[in-house]
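Below: the structure, in structure tokens.
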Amino acid sequence: LNEYSQEVFDCLKSIEQEKIEKILEVLQDTSIKNRKILIVGNGGSAALATHFAVDLIKSGFVRRKPIKALALTDNSALITATAQIY
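If you're matching positions, the sequence shown starts at 2 in this note's numbering and goes up one per residue.
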């Protein structure tokens, strides 16, 4: 547990604060301008894309106006229909 905790801590320390601040600026600007964040993932990352979209939307109900978000991988009918075309 200590080794894992240290790895997580080291990973978090390696993230540049300026990049996190830029992401937060983009999210805030998106909300203010009533725009939408589109998220995509492949395989397990498709589930993470859905999870992130839900987190963005639900966070607004607690702290501020919701951020419009959509995981592009959530429409399995569209994905499978277009997969047959290509």
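Yeah, the Cβ is synthetic: ideal placement off N, Cα and C, and Gly gets one too.
Under the three-state DSSP convention, the category residue i falls into
i   : result
I68 : coil
G91 : With the chain covering only 2 through 87, there is no way to say anything about residue 91.
E17 : coil
Residues bridged to residue i (per DSSP)
i   : result
I38 : A70
Within 9 Å, strictly: CB atoms of residue i and residue j
i   : j   : result
A70 : A48 : no
T74 : V27 : no
K66 : S32 : yes
Supposed close pair residue i, residue j - CB separation, criterion 8 Å
i   : j   : result
T51 : A72 : 4 Å
I38 : L13 : 23 Å between Cβ atoms; not a contact.
Per-residue burial, residue i [other beta carbons within 10 Å of its own, 16 or more giving buried]
i   : result
I68 : buried
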